[in-house]
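Residue numbers for the sequence shown, in our numbering: 392 to 449. Where is the CB? At the ideal position from N, CA and C, for every residue including glycine. Have a look at the structure below, then the notes.
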Amino acid sequence: MSDSIGTKEFAEKWNVKQYKVSEWCRLGLIPGANQDKVRSPWHIPKNATPPKIIKGEK
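Written as structure tokens, this is what we have:
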């Protein structure tokens, strides 16, 4: 059994948009998220949580 999930499953789990999860991964805001190579799916640890975003921050 895998210890990671993809962006779609993470988005559903935390009720956020999938594109936002991908952006967080690209920006390094989800610790432990990685890709095998550029343009491949993200692997996010099952126990990862969304980043705390400060209101007004882009």
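If you count every other CB in all the chains shown that lies within 10 Å of the CB of residue i, and 16 or more means buried, which is it?
{"i": "V412", "result": "buried"}
{"i": "W405", "result": "exposed"}
{"i": "I444", "result": "exposed"}
{"i": "T440", "result": "exposed"}
Which of helix, strand or coil does DSSP assign to residue i?
{"i": "S431", "result": "coil"}
{"i": "S395", "result": "strand"}
{"i": "F401", "result": "helix"}
{"i": "E436", "result": "Note that residue 436 corresponds to Pro in the displayed sequence, not to Glu. Strand, per DSSP."}
{"i": "N425", "result": "strand"}
Would you kindly report the start and end of the unbroken alpha helix (DSSP H) that includes residue i?
{"i": "V412", "result": "409–417"}
Taking residue i and residue j to be in contact with their CB atoms under 8 Å, please state how far apart those CB atoms are, rounded to whole angstroms.
{"i": "W415", "j": "Q426", "result": "So it is not a contact: roughly 13 Å between Cβ atoms."}
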